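Sequence lines, in order, name chains S and Z. Counting in the numbering used here, the first sequence runs without a single skipped number right up to 1047 at its last residue. Counting in the numbering used here, the second sequence runs without a single skipped number right up to 206 at its last residue. Even glycine gets a Cβ: it sits at the ideal position worked out from N, Cα and C. All values derive from a computational prediction rather than experimental measurement.
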Amino acid sequence: MAEELRIVLRNYGKIDPLKIDDYIAQGGYKALEKARTMDPKALIEEVKKSNLRGRGGAGFNCGQKWSFAYQAPGDEKYVVCNADEGEPGTYKDRLIMENDPHTLLEGMAICAYAIGAKKGYIYCRGEYPHVTKILKTAISQAKEKGVLGDFDIEVRMGAGAYVCGEETALIESLEGKRGEPRFKPPYPPSEGLWGKPTIVNNVETLANIPVIVEKGAEWFASIGVPSYPGTKVVTLTGDVNNRTFFEVPTNTTIREVIYKLGGGIPGGKKFKAVQIGGTSGAFIPESNLDTPIAFDNMAAIGATLGSGAVFVLDETRQIVDTVSQITKFFEHESCGKCAPCREGTARSAEIMEKINAGLGSQKDLNLLQKLGRVMSYSCLCGLGQAAMIPALSTIEHFRADYEAKFV
Amino acid sequence: MDYRKILSDHANVPGGLVEAFHAVQAELGYLPKEVVGEAAKVFNIPASEAYGVATFYSMFSVKSRGKNVIRLCESAPCHVAGAAEVVNALERELGVKMGESTPDGLFALEFTQCVGQCQATPVITINGKPYLDVKPAQIPSILSEYRK
Chain S
641 MAEELRIVLR NYGKIDPLKI DDYIAQGGYK ALEKARTMDP KALIEEVKKS NLRGRGGAGF
701 NCGQKWSFAY QAPGDEKYVV CNADEGEPGT YKDRLIMEND PHTLLEGMAI CAYAIGAKKG
761 YIYCRGEYPH VTKILKTAIS QAKEKGVLGD FDIEVRMGAG AYVCGEETAL IESLEGKRGE
821 PRFKPPYPPS EGLWGKPTIV NNVETLANIP VIVEKGAEWF ASIGVPSYPG TKVVTLTGDV
881 NNRTFFEVPT NTTIREVIYK LGGGIPGGKK FKAVQIGGTS GAFIPESNLD TPIAFDNMAA
941 IGATLGSGAV FVLDETRQIV DTVSQITKFF EHESCGKCAP CREGTARSAE IMEKINAGLG
1001 SQKDLNLLQK LGRVMSYSCL CGLGQAAMIP ALSTIEHFRA DYEAKFV
Chain Z
59 MDYRKILSDH ANVPGGLVEA FHAVQAELGY LPKEVVGEAA KVFNIPASEA YGVATFYSMF
119 SVKSRGKNVI RLCESAPCHV AGAAEVVNAL ERELGVKMGE STPDGLFALE FTQCVGQCQA
179 TPVITINGKP YLDVKPAQIP SILSEYRK
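Below, the structure is given as structure tokens:
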């Protein structure tokens, strides 16, 4: 185990991303051709059978999502690619778009054919201006070659709002409004962009599609952990020797990611904690490192797979200081639409700052835990619901670090 | 280009307000009050709504700021990699605090969250261009590129 397997990054370093002919020479756009010979229903069934689950963090069955949009009545439907990668420590979608933009376009075009959409949008975060250029070049090449048929794709740029990674907030932003999440239901596959049936899929999810269509659902379903098959692109940050990215089958364990691929902790220091899935993820102690990096396995240890960011902390790191910084992040990124998140993120940042300054007590920890519980079920979207996971998980696993800071 | 022209060019783009603001800001460096007011007219929405959009996104500024926008990532991976020392170096070199602009109008200093270049932390961006693995000692030479 612990070997790389490149599916979404299969063309990384092998092609010139600005040359469509390079992509075609690697068999690119063959899957789209094949998909278009299939009945859309059968195509969706195939994607469903592959058990590909959303790589943006929510882990929903991709084919099932598509089937909702397929069944939704209406002639006007949309495919939206969520390229608003804002989860700190994550840059997997950038890698895919920078190195193989056509795989994304092909995945979108297959989705469009399946659900009956004629128009697609790529919502790319504003922090990636160079990526939007690459995407626009790729789209114009694809149009020139005629490979997309009557499917049109437009690139839109975000403007610095973490919450826009949430699919309904993203849709609001695409509509030119403040990127505030909508009440759900209705979900986007029935009422999304401009009220029309819309599929919002993450870049990594869509990049899997051409390969699944080409090699079949069974092939894909046999890779990694059966409940979350395929690969995951992980990006390693913090105290790890190889601060880089890897694409690995989902049955790879956290320990293998950190110690085999990541080369372990620098300077012979000991491991303290790892936060997986981005800044809203749980901090995981040594005792849980043998967990595979798959959705349900991570959930079983009270953690999340999220975006696949792997943020390692060595024994010298101050957990409380790091979590305090993270609560500031959520205070900053809360959109303010719902009170539990707007107030909760501000109060948690305030309490964490107090504890970090050495002015806290057990009473503050109790308050944080209560606040976290309330936010987990009362906040409108995933941002607020997950915002307290770093604090709650570190209180659970690293309580001594907090107590050492008490008055 | 005149901001009125930029705005009217986007008038028929579905959901084009965010794109229009990007385009105006690329030209003017920020979104002055009259731009937000004109955008409301062009897109046929209340001025409050246009202002709401202009102030929602962290990359848009409704205040005048330095020409070269320096943004420093304060997310956790950059935080543990020593972002605070880079903050000190930037503030010292420019003589202003985070959130301020230099009196000569050359630089604006802002915090940002993750910019997705986490393979080489800490990271700053200047006008969107990322600088990786930034050491405090490199700050003067990085800034000199923009002082020419």
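Chain Z within 9 Å of residue i, Cβ atoms only
i                  : result
Leu943 of chain S  : This sequence places Ala at residue 943 of chain S; Leu is not what is there. So, not an interface residue.
Tyr768 of chain S  : yes
Leu953 of chain S  : yes
Pro728 of chain S  : yes
Met797 of chain S  : yes
Leu814 of chain S  : yes
Ile736 of chain S  : no
Ala709 of chain S  : no
Arg646 of chain S  : no
Gly800 of chain S  : yes
Phe1038 of chain S : no
Asp879 of chain S  : yes
Arg765 of chain S  : yes
Phe791 of chain S  : no
CB of residue i within 9 Å of CB of residue j, strictly
i                  : j                  : result
Ala665 of chain S  : Val719 of chain S  : no
Ile793 of chain S  : Lys759 of chain S  : yes
Val963 of chain S  : Leu876 of chain S  : no
Gly870 of chain S  : Thr892 of chain S  : no
Asn691 of chain S  : Tyr868 of chain S  : yes
Gly747 of chain S  : Leu846 of chain S  : yes
Ser133 of chain Z  : Gln177 of chain Z  : no
Thr179 of chain Z  : Arg129 of chain Z  : no
Val648 of chain S  : Glu854 of chain S  : no
Pro1030 of chain S : Ser947 of chain S  : no
Val888 of chain S  : Val874 of chain S  : yes
Val803 of chain S  : Pro826 of chain S  : no
Gly74 of chain Z   : Gly816 of chain S  : yes
Gly942 of chain S  : Ala922 of chain S  : yes
Glu806 of chain S  : Gly1022 of chain S : yes
Pro72 of chain Z   : Trp834 of chain S  : yes
Gly917 of chain S  : Glu767 of chain S  : no
Pro194 of chain Z  : Glu143 of chain Z  : yes
Ala757 of chain S  : Val787 of chain S  : no
Tyr61 of chain Z   : Val76 of chain Z   : no
Secondary structure of residue i, DSSP reduced to three states
i                 : result
Gly946 of chain S : coil
Thr884 of chain S : coil
Val897 of chain S : helix
Arg695 of chain S : coil
Ile941 of chain S : coil
Cys131 of chain Z : strand
Gln915 of chain S : strand
Lys63 of chain Z  : helix
Ser159 of chain Z : strand
Phe169 of chain Z : strand
Phe118 of chain Z : coil
Thr179 of chain Z : coil
Met992 of chain S : helix
Val719 of chain S : strand
Arg713 of chain S : First, the residue type needs correcting, since residue 713 of chain S is Pro and not Arg in the sequence shown. Pro713 of chain S: coil per DSSP, three-state reduction.
Cutoff 9 Å: residue i Cβ touching any chain S Cβ
i                 : result
Val120 of chain Z : no
Gly153 of chain Z : no
Tyr88 of chain Z  : no
Pro194 of chain Z : no
Gly110 of chain Z : yes
Val138 of chain Z : yes
Gly186 of chain Z : yes
Pro72 of chain Z  : yes
Ser66 of chain Z  : no
Phe165 of chain Z : no
Met117 of chain Z : yes
Gly95 of chain Z  : no
Glu77 of chain Z  : yes
Nearest-angstrom Cβ-Cβ length linking residue i and residue j, presumed shorter than 8 Å
i                 : j                 : result
Ala675 of chain S : Leu683 of chain S : 6 Å
Gly124 of chain Z : Gly163 of chain Z : 6 Å
Asn882 of chain S : Arg695 of chain S : So it is not a contact: roughly 22 Å between Cβ atoms.
Lys836 of chain S : Gly714 of chain S : 6 Å
Lys968 of chain S : Ala989 of chain S : 5 Å
Gly800 of chain S : Ser119 of chain Z : With a Cβ gap of about 11 Å, Gly800 of chain S and Ser119 of chain Z do not count as contacting.
beta-carbon residue i near the ligand COA non-hydrogen atom, thresh 8 Å
i                 : result
Glu993 of chain S : What this structure holds is no ligand at all, so the ligand COA is not there to describe.
Would you list, in sequence order, the uninterrupted alpha helix (DSSP H) runs of no fewer than 4 residues that lie entirely inside the stretch 952–987 of chain S? Segments of the alpha helix (DSSP H) lying fully in the stretch 952–987 of chain S: 959–973.
Residue ranges of each beta strand (DSSP E) within the stretch 728–780 of chain S, 3 or longer
759–764
Next on the checklist: Suppose only complete runs of 3+ residues qualify. What are the beta strand (DSSP E) ranges in the stretch 65–115 of chain Z, listed by chain order?
Outcome noted: At a cut-off of 3 residues, not a single continuous stretch assigned as beta strand (DSSP E) sits fully inside the stretch 65–115 of chain Z.
| 3-residue-minimum beta strand (DSSP E) runs that sit fully inside the stretch 1013–1046 of chain S, ordered along the chain | none
Every unbroken beta strand (DSSP E) within the stretch 808–894 of chain S, with a cutoff of 3 residues, ordered by chain: 838–842, 871–878, 885–889
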